[in-house]
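K.L.:
2 protein chains.
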Amino acid sequence: MKRPFLHAPATDMLELLEELAAFSTPGPGVTRLLYTPEWSRAQHFLQEKMAVVGLEVHTDPVGNVFGRLSGSQDSDKVILTGSHIDTVVNGGKYDGAYGVAAAVTAMHYLAVTFGPPLRTLEVAAFCEEEGSRFPLTFWGSGNVTGLYNGSVAESVSDLEGITLMAAMESCGLPNQGSRTDHDDQGDRLMNSARRDDIGMYVELHIEQGIILEQSAQQIGVVQAIVGQRRFTARVIGTANHAGTTPMGLRQDALAGTAEMLSALEQFAVEAGEPLVATTGRLEVFPGTSNVIPGEVQFTLDIRHSEAERLESFCSRVMTKFGEIAARRGLKLELEQTLATSPAPMNPALCEALEHICQEQGRSFRSMVSGAGHDAQLFAPRCPAAMIFVPSRAGISHSPEEYSSPEELAAGLDVLTALLYKLAYEES
Amino acid sequence: MKRPFLHAPATDMLELLEELAAFSTPGPGVTRLLYTPEWSRAQHFLQEKMAVVGLEVHTDPVGNVFGRLSGSQDSDKVILTGSHIDTVVNGGKYDGAYGVAAAVTAMHYLAVTFGPPLRTLEVAAFCEEEGSRFPLTFWGSGNVTGLYNGSVAESVSDLEGITLMAAMESCGLPNQGSRTDHDDQGDRLMNSARRDDIGMYVELHIEQGIILEQSAQQIGVVQAIVGQRRFTARVIGTANHAGTTPMGLRQDALAGTAEMLSALEQFAVEAGEPLVATTGRLEVFPGTSNVIPGEVQFTLDIRHSEAERLESFCSRVMTKFGEIAARRGLKLELEQTLATSPAPMNPALCEALEHICQEQGRSFRSMVSGAGHDAQLFAPRCPAAMIFVPSRAGISHSPEEYSSPEELAAGLDVLTALLYKLAYEES
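These protein sequences, in sequence, are chains S and B. The opening residue of the first sequence carries number 6 in this note's numbering; numbering runs sequentially from there. The opening residue of the second sequence carries number 6 in this note's numbering; numbering runs sequentially from there.
1) Tell me whether the region 121-129 of chain S and the region 164-174 of chain S touch, counting them as touching only if at least three CB pairs, one residue from each stretch, are closer than 8 Å.
2) Between residue 215 of chain S and chain B, is any beta-carbon pair separated by less than 8 Å?
3) Between the C-alpha atoms of residue 16 of chain B and residue 57 of chain B, what's the straight-line distance to the nearest angstrom?
4) By the DSSP assignment, the beta strand (DSSP E) with residue 160 of chain S in it spans what residues?
5) Using a Cβ-Cβ cutoff of less than 7 Å, which residues in the same chain neighbour residue 258 of chain S once the five nearest sequence positions on both sides are dropped?
6) Taking the alpha carbon of residue 129 of chain S as the reference point, which residue from S:324, S:42, S:205, S:376 has its own alpha carbon closest?
7) Return no unless some Cβ of chain S is closer than 8 Å to the Cβ of residue 101 of chain B.
8) Using beta carbons (cut-off 8 Å, strictly below), is residue 95 of chain B in contact with chain S?
9) Here's the rule: buried if 16 or more other CB atoms are within 10 angstroms of the residue's CB, otherwise exposed. What is residue 286 of chain B?
10) As an exercise, report each continuous alpha helix (DSSP H) stretch of at least 4 residues that is fully enclosed by the region 326-398 of chain B, in chain order.
11) The alpha helix (DSSP H) spanning residue 54 of chain S covers which residue range?
12) For residue 426 of chain B, name the three-state secondary structure that DSSP assigns.
13) Here's the rule I'm using: 16 or more other beta-carbon atoms within 10 Å means buried, otherwise exposed. How should residue 27 of chain S be labelled?
14) Rounding to the nearest angstrom, what Cα-Cα distance links residue 147 of chain B and residue 385 of chain B in this structure?
15) Using a Cβ cut-off of 8 Å, pull out every chain B residue sitting near residue 246 of chain S, in sequence order please.
16) Report yes or no: do the region 342-349 of chain S and the region 266-274 of chain S share at least 3 C-beta pairs separated by less than 8 Å?
17) Following the continuous beta strand (DSSP E) through residue 237 of chain B, name the residue where it begins and the one where it ends.
18) According to the neighbour-count rule (16 or more other Cβ atoms, all chains shown, within 10 Å of its Cβ), is residue 310 of chain S buried or exposed?
19) If you scan the region 62-100 of chain S from start to end, which runs of the alpha helix (DSSP H) of 4 or more residues do you find wholly inside it?
20) Residues in its own chain within less than 8 Å of residue 183 of chain S by CB, not counting five upstream and five downstream?
21) Taking contact to mean 3 or more Cβ pairs, one atom from each stretch, closer than 8 Å, check whether the region 288-296 of chain S and the region 200-216 of chain S are in contact.
22) Distance cutoff 8 Å, beta carbons only. Does residue 219 of chain B sit that close to anything in chain S?
23) By how many angstroms is the C-alpha of residue 253 of chain S removed from the C-alpha of residue 274 of chain B?
24) From residue 191 of chain S to residue 159 of chain S, what does the alpha carbon distance come to, in whole angstroms?
25) The alpha helix (DSSP H) spanning residue 211 of chain S covers which residue range?
26) Is any heavy atom in the ligand SAH found nearer than 7 Å to the beta carbon of residue 108 of chain B?
27) With burial defined as no fewer than 16 other Cβ atoms inside 10 Å of the residue's Cβ, what is the status of residue 46 of chain B: buried or exposed?
28) What residues from the region 319-348 of chain B come within 8 Å of chain S, judged by C-beta to C-beta, listed N to C?
29) Identify, in the order they occur along the chain, each residue of the same chain with its Cβ nearer than 7 Å to the Cβ of residue 104 of chain B, setting aside the five sequence neighbours on each side.
30) Who are the near neighbours of residue 327 of chain B in its chain, counting only those whose CB is closer than 7 Å to its CB and skipping five residues on each side?
31) Within a Cβ cutoff of 6 Å, which residues of the same chain sit near residue 75 of chain S, ignoring the five residues on either side of it in sequence?
32) Any beta carbon of chain S sitting closer than 8 Å to that of residue 351 of chain B?
33) Since residue 306 of chain B meets chain S, which of its residues come closer than 7 Å, beta carbon to beta carbon?
34) Which residue's Cα is closest to the Cα of residue 96 of chain B: B:413, B:420, B:403?
35) Spatial neighbours of residue 344 of chain S within its chain, please: CB distance less than 6 Å, with the 5 preceding and 5 following residues excluded, ordered by chain position.
36) Give the DSSP-derived three-state secondary structure of residue 24 of chain B in the structure shown.
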């Protein structure tokens with residue numbers, strides 16, 4: 006069956022993006038941190054906007070905002086689409102907001118053009134994904150999928166010492182009418198944020214990488230979101246005089262670290278895509294030009310879309326680091342600070358997206374998301390899909406973040422077609 | 006000719022070392038920075054001490070203290086011996102002070118035992134060598150040898166903004182009777198600190214390295230003080246997302262730096278002793294665990310006792326660094342921040358020291374000094390020699406700095422014998 010020509014008005018979406026970008030604390034780019042006045046105003050604005058375009062608006066105790074088009078045939082399971090509404094400090098106006106603005110625009114267009122869907126559609130504006138204010142990520146989608154309970158809200162604080170719970174209360178959350186139960190251990194739950202009615206999840210997002218731009222393709226069909234391992238390493242040697250200590254009598258923590266980092270890079274290149282391995286932070290002690298470094302501390306960030314390969318790569322690196330340290334008489338301490346599993350997207354949804362791109366005559370490619378997204382919380386629970394559009398020069402989390410109106414419109418068209426197929430077509 | 010058994014009283018020297026160590030600002034170890042009240046008291050104490058043991062005391066405009074035994078035959082050229090009286094912050098009690106205390110003790114012993122020398126002997130307590138208060142080194146011996154003129158004293162300041170000149174004035178320097186002339190450009194000269202009567206320079210010092218301890222030898226006969234090159238390097242790549250940027254599309258400044266540091270170490274090991282090459286300070290920007298480093302800044306400290314080999318090693322390193330940067334699409338900026346020439350010690354004096362060690366039945370070895378010393382300022386101008394004694398675990402510039410009374414006494418005996426040979430024996 007050939008589906009009708011679908012073309013939601015991109016101008017509406019672009020206007021909505023600009024409107025959202027205005028909810029920002031002063032400074033370069035967009036800064037809209039969780040539970041700040043700017044964030045609160047943005048979520049209220051979105052509620053009004055969704056209501057105006059005919060969506061049934063509801064919110065949850067953590068401040069996620071949903072807009073619903075109830076299905077005429079089947080309303081038990083929801084086809085959810087959207088992204089997050091928070092930003093990093095001095096971020097761009099596309100990361101997260103694009104997926105929300107496009108979903109609102111697509112659903113408005115579909116409702117106006119085709120009436121109510123057969124199956125229920127909802128747009129989600131998740132309250133938080135970035136982890137920029139509090140030391141946790143995915144607070145929005147994590148509450149919906151049951152990753153978090155309310156106890157976390159009392160135990161984590163921002164840099165000013167404000168607890169997550171206090172920040173929520175300053176925004177009038179948990180909001181009226183929400184249930185805040187306690188479990189057997191007395192932990193406060195936010196059960197009303199948890200949802201078991203999500204049947205599918207679709208997220209449109211900017212790539213935040215350079216792959217689509219480099220390969221000159223319009224659409225990325227995400228096959229999986231990578232799993233991550235993060236470690237902190239301490240390499241301990243002996244600080245000593247840079248002039249009076251012969252090369253053969255040194256335990257130079259930095260020379261040992263340099264060998265480790267070269268091995269890490271070599272292994273990563275050998276492993277091939279999509280594996281990436283990065284040391285982003287490194288500190289040398291005592292850090293004086295004429296003293297041999299006695300200690301180096303550094304981070305490791307390793308990602309792959311396949312759990313086994315991620316695991317075996319990390320093992321290979323740890324073994325090699327241990328060998329290097331032992332040979333050099335250095336002490337090595339490694340601590341794992343993060344471990345997330347790869348999240349494969351649903352193959353049938355990926356295939357559907359490829360067909361849509363072909364129908365629309367768009368260039369596209371399969372790819373892996375090296376960054377984390379809300380979709381990875383849904384993927385273990387229901388079929389999930391992600392659509393990427395190009396990011397200029399791969400830049401994100403920066404005021405320089407940019408995708409052209411044409412690129413954004415192409416993503417909107419693909420999302421609209423997928424939502425139509427999922428919610429409107431007879432199965 | 007067999008020289009008499011010479012054995013200056015080590016207890017006097019050890020007592021003087023303890024007395025000097027008491028002139029310190031509070032805190033661990035010894036802290037006696039240039040032109041502080043502690044420094045001033047130490048230099049006055051030394052003047053009294055030298056006078057008490059029968060030396061003719063004189064000082065110069067920068068606060069160097071000298072004690073003289075005038076020669077009966079030849080008093081035109083002075084055989085100078087000593088070291089510096091300042092310390093680093095929280096330093097030990099041997100670095101510098103040992104060479105002064107041993108020289109005073111040796112000269113006292115020689116005068117009492119043998120009367121006036123044939124040729125003039127002087128002990129020098131140089132005011133400054135370490136560069137711990139002001140951003141310059143060798144202020145004491147540098148004024149005696151003409152490296153500095155008074156203009157410097159008005160242009161450099163300590164961390165509290167006090168100029169070197171103001172600090173001098175707070176100690177009553179330039180002292181009464183000193184001439185402070187101006188040259189053609191109006192620069193203030195401290196001509197009376199400059200001396201053209203130094204015929205020889207001998208310095209006894211702790212090794213500040215681990216070579217003597219490792220080789221279980223009592224005396225190091227220094228063949229040369231290394232020349233140094235210091236550089237700061239900036240490696241500039243592209244900061245990017247650690248998850249979304251494939252390995253093949255990175256300009257990772259830290260990965261490039263790791264390759265450079267590994268090459269540096271490999272080249273240094275290949276070059277062999279006495280070459281040493283060290284990166285002691287390294288900073289990564291932006292320094293976030295999930296961001297590929299866009300820039301790394303680091304220091305290079307390269308030392309060798311032969312000028313040509315030092316030069317060719319630095320050239321080889323610079324060429325290699327350039328190749329690595331170019332291959333990786335990184336920008337490399339190198340700035341030389343220090344260049345000192347190697348200072349060979351006088352071969353005849355080295356030979357005399359070896360004979361003395363043999364006569365005294367002491368184990369000894371030829372070695373290179375990887376650290377800088379006042380002797381390097383005299384070496385281009387007159388025959389110079391340095392004697393090293395072991396430093397426990399090679400530790401210096403620390404309250405842990407230690408050499409045993411026996412090790413210190415052995416150095417004193419060698420110094421005493423050399424001074425006797427130079428000043429008392431018929432040539």
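Even for Gly, the Cβ is constructed at its ideal location relative to N, Cα and C.
P.N.:
Here's the rundown:
1) No contact exists between the region 121-129 of chain S and the region 164-174 of chain S.
2) True, the Cβ-Cβ gap to chain B drops below 8 Å.
3) The straight-line gap from Cα to Cα measures roughly 17 Å.
4) Careful: residue 160 of chain S lies outside any beta strand (DSSP E), inside the alpha helix (DSSP H) at 156-160.
5) Apart from sequence neighbours up to five positions away, the residues of its chain that approach residue 258 of chain S with a beta-carbon distance below 7 Å are 240, 241, 242, 298, 299, 300, 301, 335, ordered along the chain.
6) Selected option, being the one with the closest Cα: S:205.
7) No, residue 101 of chain B lies away from the interface with chain S (no Cβ there is under 8 Å from its Cβ).
8) Taking Cβ atoms only, chain S never reaches closer than 8 Å to residue 95 of chain B, which makes this a no.
9) Counting the other Cβ atoms within 10 Å of the Cβ of residue 286 of chain B gives 16 or more, which makes it buried.
10) For the region 326-398 of chain B, whole alpha helix (DSSP H) runs of length 4 or above, ordered along the chain, are 352-365, 380-383.
11) Element bounds for residue 54 of chain S: 42-57.
12) Residue 426 of chain B: helix per DSSP, three-state reduction.
13) Label assigned to residue 27 of chain S: exposed.
14) Rounded to whole angstroms, residue 147 of chain B to residue 385 of chain B spans 12 Å at the Cα level.
15) Chain B residues near residue 246 of chain S: 213, 214, 375, 376, 399, 401, 402.
16) Using a Cβ-Cβ distance cut-off of 8 Å, the region 342-349 of chain S and the region 266-274 of chain S are not in contact, since fewer than three pairs of beta carbons, one from each stretch, lie closer than that value.
17) Residues 232-241.
18) So residue 310 of chain S counts as buried.
19) The qualifying runs do not exist here; there are none.
20) Since pLDDT at residue 183 of chain S reaches only 44, below the 50 mark, its modelled position is unreliable, and the value read off the structure follows with that caveat. Around residue 183 of chain S: 65, 66, 195, 197, 198.
21) Not touching, per the Cβ criterion.
22) Closer than 8 Å to some Cβ of chain S, the Cβ of residue 219 of chain B qualifies, so yes.
23) About 8 Å.
24) Only weak support is given to the placement of residue 191 of chain S: the predicted model assigns it a pLDDT of 46, under 50, and the value that follows is read from those uncertain coordinates. Rounded to whole angstroms, the gap between the alpha carbons of residue 191 of chain S and residue 159 of chain S is 13 Å.
25) First-last for residue 211 of chain S: 203-211, but that is the beta strand (DSSP E), not the alpha helix (DSSP H).
26) With respect to small molecules bound, the structure shown includes none, and the ligand SAH cannot be examined in it.
27) Under this definition residue 46 of chain B is an exposed residue.
28) Of all residues in the region 319-348 of chain B, none is placed with a Cβ closer than 8 Å to any Cβ belonging to chain S.
29) Correct list, in chain order: 87, 88, 208, 209, 210.
30) Shown here for residue 327 of chain B: same chain residues with a beta carbon closer than 7 Å to its own, the five before and five after excluded, namely 337 in chain order.
31) Leaving aside the five residues that flank residue 75 of chain S on each side, the residues in its chain whose CB is nearer than 6 Å to its CB run, in chain order, 125.
32) Cβ-Cβ to chain S under 8 Å: no for residue 351 of chain B.
33) Residues of chain S passing the Cβ test: 247, 294, 295.
34) Answer by Cα proximity: B:403.
35) Contacts found: 234.
36) The three-state secondary structure of residue 24 of chain B, taken from DSSP, is helix.
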